[in-house]
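Colleague:
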Amino acid sequence: MSDSLMFNNDAYVVLETDRPEELLTPAEMFEKLKQIVIKFAEDLPIDVQQISGVDAKVQYLLDTSCELDLAPGEYLQWYVVRLEK
Numbered sequence: 883m884s885d886s887l888m889f890n891n892d893a894y895v896v897l898e899t900d901r902p903e904e905l906l907t908p909a910e911m912f913e914k915l916k917q918i919v920i921k922f923a924e925d926l927p928i929d930v931q932q933i934s935g936v937d938a939k940v941q942y943l944l945d946t947s948c949e950l951d952l953a954p955g956e957y958l959q960w961y962v963v964r965l966e967k
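Per our numbering, the sequence shown runs over residues 883 to 967.
#1: Do you know whose CA, among Lys914, Val936, Phe912, lies nearest Ala923's CA?
#2: Within this structure, are the beta carbons of Val930 and Leu943 separated by less than 8 Å?
#3: Identify whether Asp929 lies in helix, strand or coil by the three-state DSSP scheme.
#4: Name the one or two DSSP bridge partners that Glu898 has.
#5: Verify whether the separation of the beta carbon atoms of Val895 and Leu915 is less than 8 Å.
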């Protein structure tokens, strides 16, 4: 049985082409990916394109991926981090 702590996500570290590293909350990460899914709808991987609904596509990406190639030489990477309290 998997440990439920594996599914806790306090924040995301986000790396983008030519931008400094960002630390986003889960809600901010969802919104960032949502804008990218809308903007790059035709260029998303086939498995993502087959999902109906923008929110469902974003959730799928959060659950199954950590990187998107946006254009040649452009990328978006995100990694879940747990913050100590």
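All C-beta atoms in this analysis are idealised placements derived from N, C-alpha and C, irrespective of residue type, glycine included.
Modeller: Looking at the coordinates:
#1: Indexing the sequence shown from 1 puts residue 923 at position 41. Closest by alpha carbon: Val936.
#2: As a position in the sequence shown, residue 930 is number 48, starting the count at 1. As a position in the sequence shown, residue 943 is number 61, starting the count at 1. Against a cut-off of 8 Å, the Cβ pair of Leu943 and Val930 comes out as a contact.
#3: The residue you call residue 929 lines up with position 47 of the sequence shown. Helix, per DSSP.
#4: Numbered from its first residue, the sequence shown carries residue 898 at position 16. Glu898 pairs with Leu958.
#5: Against the sequence shown, residue 895 aligns to sequence position 13. Against the sequence shown, residue 915 aligns to sequence position 33. Taking 8 Å as the Cβ cut-off, Val895 and Leu915 do not qualify as a contacting pair.
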